[in-house]
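**Q**
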Amino acid sequence: MQQFEQRINLYRPPVKSSGKPFTSASSLKMLGIALAAMALIQIYGSIRAVINEGQVEQVRRQAEQLEAQVKKIEAQAQRPQNRLLESRIDALREKVEQNKRMFSQLNQVREERVADFSGYLKGLAERTPQGVWLTHILIDAAQGVDLRGGVTNPALAPAFVRSLEAVPAFQGVSFGRVELSKAAGQDYLSFRLSSAGMGDKKP
Numbered sequence: 578m579q580q581f582e583q584r585i586n587l588y589r590p591p592v593k594s595s596g597k598p599f600t601s602a603s604s605l606k607m608l609g610i611a612l613a614a615m616a617l618i619q620i621y622g623s624i625r626a627v628i629n630e631g632q633v634e635q636v637r638r639q640a641e642q643l644e645a646q647v648k649k650i651e652a653q654a655q656r657p658q659n660r661l662l663e664s665r666i667d668a669l670r671e672k673v674e675q676n677k678r679m680f681s682q683l684n685q686v687r688e689e690r691v692a693d694f695s696g697y698l699k700g701l702a703e704r705t706p707q708g709v710w711l712t713h714i715l716i717d718a719a720q721g722v723d724l725r726g727g728v729t730n731p732a733l734a735p736a737f738v739r740s741l742e743a744v745p746a747f748q749g750v751s752f753g754r755v756e757l758s759k760a761a762g763q764d765y766l767s768f769r770l771s772s773a774g775m776g777d778k779k780p
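Here the sequence shown is numbered in this note's numbering, starting from 578 and rising by one per residue.
Following this line, the structure appears as structure tokens:
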């Protein structure tokens with residue numbers, strides 16, 4: 578029986594560095610930068626739904642560009658360090674901190690809007706009487722409140738508006754537009770309640 582033998586040389590001669598060796602502290606710096614940049618991309622997904630699309634898209638692009646720069650510098654860390662590398666790392670770290678602060682502010686706005694919106698939904702759920710149902714809900718600081726749905730009795734629409742006045746979230750909201758309509762062959766009335774923008778809404 579023939580025997581086969583394969584030898585693998587695991588010895589690698591040391592590579593001479595022409596510059597200052599890359600320190601472990603610098604490696605930790607860049608690792609932290611990379612993790613922060615990746616975290617920024619993840620945070621973006623949770624903010625996108627409720628913040629201005631253009632604003633989030635701009636921050637997202639900045640975060641992606643920053644992440645690409647971090648990866649490039651990480652690759653350079655495997656080679657002899659040059660004089661400008663440390664200063665570039667410090668500059669990128671500052672950019673990461675700026676982006677983190679920006680995302681923190683956007684996230685705070687998101688949480689405030691979600692909290693406000695939940696108050697409206699809770700009030701609608703508690704104050705919508707039998708015979709009234711909603712098919713469209715728009716709540717926006719600039720556009721105001723716009724509710725659409727159906728009623729089995731025309732008297733239910735104004736009663737529904739009066740019941741919302743007792744909901745804390747709807748305090749100061751005035752429905753200046755109340756529409757009732759009935760399509761041919763429809764056994765119920767469609768309604769629409771609209772208010773002006775809530776920029777001057779009382780707290």
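Heads up, the beta-carbon is just placed ideally off N, CA and C, and yes, glycines get one too.
Do you know how far the Cα of G749 is from the Cα of G721?
**A** Straight-line Cα distance between these residues: approximately 11 angstroms.
**Q** Suppose the cutoff is 6 angstroms on Cβ atoms and the five residues either side in sequence are ignored; what does the same chain contact list for L766 look like?
**A** V728, P731, L757, K759.
**Q** For the alpha helix (DSSP H) containing R747, list its first residue and its last residue.
**A** It should be noted that the sequence gives Phe, not Arg, for residue 747. Taken as a continuous stretch (DSSP letters only), F747 belongs to no alpha helix (DSSP H), as it is neither H nor E.
**Q** Which residue from A746, Q675, E742 puts its Cα closest to that of K699?
**A** If we check each option's Cα against that of K699, A746 comes out closest.
**Q** Can you give the Cα-Cα distance for S695 and I666, rounded to whole angstroms?
**A** Roughly 43 angstroms between the two C-alpha positions.
**Q** Is the separation between the beta-carbon of L711 and that of L701 shorter than 9 angstroms?
**A** Going by C-beta atoms, L711 is nearer than 9 angstroms to L701.
**Q** So, with DSSP's three-state summary, where would you put D540?
**A** This structure does not reach residue 540, given that the chain is present from 578 up to 780, and the question cannot be answered.
**Q** In this structure, how does DSSP classify L770 when only helix, strand and coil are distinguished?
**A** It is a strand residue.
**Q** Rounded to whole angstroms, what's the CA-CA distance from E672 to S740? Just pull it up for me.
**A** It should be noted that the sequence gives Lys, not Glu, for residue 672. Rounded to the nearest angstrom, the two C-alpha atoms are 50 angstroms apart.
**Q** The beta strand (DSSP E) with L801 in it runs from where to where?
**A** Any property of residue 801 remains undetermined from this structure, which presents the chain solely from 578 to 780.
**Q** Closest to E703 by CA distance: which of Q646, A668, F737, R769 is it?
**A** When only C-alpha atoms are compared, the closest one is F737.
**Q** Return yes when the Cβ of L669 is within less than 9 angstroms of the Cβ of Q646, no when it is not.
**A** Yes. Within cutoff.
**Q** Quick check on V709: buried or exposed, where buried means 16 or more other Cβ atoms within 10 Å of its Cβ?
**A** Answer is buried; the Cβ neighbour count reaches 16.
**Q** Short of 6 angstroms in beta carbon distance, which residues of its chain neighbour D764, apart from the five on each side in sequence? Order them along the chain.
**A** Result list for D764: empty, nothing under 6 angstroms.
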